[in-house]
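Only one structure is covered here, and it is reproduced in the block below.
Protein chains: 2
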Amino acid sequence: MDVIQAIKERRSINFFETGQELPDEQLRELVEISNLAPSSFNLQPWKLIVVRNPESKRILRRCAFNQRKIEEAAAVFIIVADPGGVEENLERVLDNWEELGYMKPEARQGYVDMIQNLYGQPNSLKRKFFAIKNASLFAMNLMIAAKGFGLDTHPMDGFDEDSIKREFDIPPDKVIPMIIAVGHLKKGTTLLPRAFRRRFEEFVRLGSY
Amino acid sequence: MDVIQAIKERRSINFFETGQELPDEQLRELVEISNLAPSSFNLQPWKLIVVRNPESKRILRRCAFNQRKIEEAAAVFIIVADPGGVEENLERVLDNWEELGYMKPEARQGYVDMIQNLYGQPNSLKRKFFAIKNASLFAMNLMIAAKGFGLDTHPMDGFDEDSIKREFDIPPDKVIPMIIAVGHLKKGTTLLPRAFRRRFEEFVRLGSY
């Protein structure tokens, strides 16, 4: 599928064909491609929890205002934004950059200092912003990639975050920006017209820049 | 270009061909397609400032640790996450949903209450999280759409946010999650190999879910 067509045809669907599965092999391919999303200094501060079995979906549905599509979709992805991504991946990023020729060894400390300055301490607000924005880039990549696999999606942030953390054993310092239902459009469904988008002039400022 | 290919070939490039322009017509098409990104309750809490003229790029470069690509790219997009997106768009979203058949009139107040509960007050932390995640979905859509136009990008968050706000007249309550350079890869450039990504097992939890 053409990339522009994929973006134009991506819709957040409300009706999934039930009884469908997202097999391991397709899951892996979809996730690995989505994981090519860019991130701040390549720190990749996201994790993914894949919910596929009926009992887990029932639990997740209860955490998310009883939204039916959670049980009907083939899988639901819990997108986890990880403020600890800096500590987890920093050394590896810099080693990798050195190895590939992105960075000279003498520049290493400068990057460490810059990253600490930009993204603050592990429990700071800056660090949460860092995690949320990057995890959201990953999430959007995933929704577009899904179209390439003939899959549809629906991102949701109507849920009780603490309940999801408790039920799915997610540490309190993480943030869950959204969960995403993934599956096949229910056969015979006609989508309603796309909801409005603002006109270019309403949100774009050109000015004299 | 195929959507999976576009995601695989999207790279954050460091060397843009100088002297290129992003004409109005292409800019508009690119932005309108990117703007089809999903958002929480379709509230679209993002704005975009497009920086194309040499003097404005010089100013922006100074706000962003002197990164050369800001001046070399055809354009740089300042992605603005707008916590005020709820107040700006809520009534319009609900009117539109009612008109298109997404929502019955009697459900309207329930949505208003839910949105206020989920995204808090205008100056709250919740509201900033809401704005940042949604603006980042838009940003990723934009970077992928760019590939469909033969354009490359580089998202950056190494900048002094307050300086950008001051120079580009952005109100203090907004958040700038990233700026994105857009343009053409410098002729004759060979990209270094892609930096590492974590293996599937390192960031995906399947467990018994």
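Respectively, the protein sequence lines represent chains C and P. Here the working numbering is used: the first residue of the first sequence is 1461, the next is one more, and so on. Here the working numbering is used: the first residue of the second sequence is 1461, the next is one more, and so on. Think of the CB as a built atom: it goes at the ideal place given N, C-alpha and C, for glycine as much as any other residue.
- If you look at C:M1616, you'll find it in the beta strand (DSSP E) that goes D1612 to M1616.
- Looking from the CA of P:F1656, the closest CA among C:G1648, C:S1668 and C:E1559 belongs to C:E1559.
- Secondary structure at P:R1522: helix, using DSSP grouped into helix, strand and coil.
- Across the stretch 1583–1612 of chain P, CB contacts with chain C closer than 9 angstroms involve L1585, K1588, F1589, F1590, I1592, K1593, N1594, A1595, S1596, L1597, F1598, A1599, M1600, N1601, M1603, I1604, A1605, K1607, G1608 and F1609, in sequence order along the chain.
- Taking a 10 Å sphere around the C-beta of C:S1494, we find 16 or more other C-beta atoms and assign the residue as buried.
- Note on geometry: alpha-carbon atoms of C:E1547 and C:Q1504 lie some 11 angstroms from one another.
- The Cβ-Cβ distance between P:F1660 and C:V1491 falls below 8 angstroms.
- Looking at C:E1477, C:Q1465 and C:V1463, the one whose alpha-carbon comes closest to that of C:T1649 is C:E1477.
- Within chain P, the residues whose beta carbon sits less than 7 angstroms from that of C:M1638 are K1593, listed in sequence order.
- For the set C:F1525, C:I1473 and C:M1563, the Cα lying nearest the Cα of C:L1651 is the one of C:I1473.
- Bounds of any alpha helix (DSSP H) do not take in C:L1508; it lies within the beta strand (DSSP E) bounded by W1506 to V1511.
- Look at P:S1623: its C-beta is not under 8 angstroms from any C-beta on chain C.
- In this structure, the straight-line span from the alpha carbon of P:R1528 to that of C:Q1527 is close to 48 angstroms.
- At a beta-carbon threshold of 8 angstroms, the residues of chain C lying near P:K1507 are F1663, V1664 and R1665, ordered along the chain.
- Counting along the chain, no beta strand (DSSP E) covers P:M1563, and no H or E run does either.
- Cβ-Cβ distances below 7 angstroms link C:G1545 to L1503, Q1504, P1505 and A1591 in the same chain, with the five nearest sequence neighbours on each side left out; the list follows chain order.
- In the three-state DSSP reduction, C:S1500 falls in the helix class (H, G or I).
- For P:G1643, the pairing in a beta bridge is given by DSSP as P:D1612.
- Pairing P:K1607 with C:I1467, the inter-Cα distance amounts to about 12 angstroms.
- When the alpha-carbon of C:H1644 is set against those of C:S1516, C:G1610 and C:M1616, the nearest one is in C:G1610.
- By the Cβ-count criterion, C:K1507 is buried, with 16 or more other Cβ atoms from all chains shown falling within 10 Å of its own Cβ.
- Within the same chain, and ignoring the five residues on either side of P:E1531 in sequence, the residues whose Cβ sits closer than 6 angstroms to its Cβ are K1517 and R1521.
- Annotation: C:A1524 has no Cβ neighbours in chain P at a cutoff of 7 angstroms; minimum Cβ distance is about 11 angstroms.
- Judged by DSSP in its simplified three-state form, C:F1537 adopts strand.
- In the three-state reduction of the DSSP assignment, C:I1636 falls in the strand class, which pools E and B.
- Excluding residues up to 5 positions away in sequence, W1506, K1507, L1508, I1509, A1595, I1630, K1634, V1635 and I1636 lie with their Cβ nearer than 8 angstroms to the Cβ of P:V1540 in the same chain.
- Bridge partners of P:R1665 according to DSSP: C:I1509.
- The contact set of P:G1618 on chain C, defined by CB atoms closer than 7 angstroms, consists of M1574 and L1578 in chain order.
- Against P:I1493, the close residues of chain C are I1464, I1467 and K1468, in the order they occur along the chain (beta-carbon pairs closer than 7 angstroms).
- Between the C-alpha atoms of C:F1525 and P:K1588 there is a straight-line separation of about 22 angstroms.
- Closer than 8 angstroms to the CB of C:Y1571 there is not a single CB belonging to chain P.
- Per the coordinates, the alpha-carbon of C:R1658 lies some 21 angstroms from the alpha-carbon of P:I1639.
- Of the other Cβ atoms in all chains shown, fewer than 16 fall within 10 Å of the Cβ of P:R1626; this residue is therefore exposed.
- Interface criterion not met: the Cβ of C:G1648 is under 8 angstroms from no Cβ in chain P.
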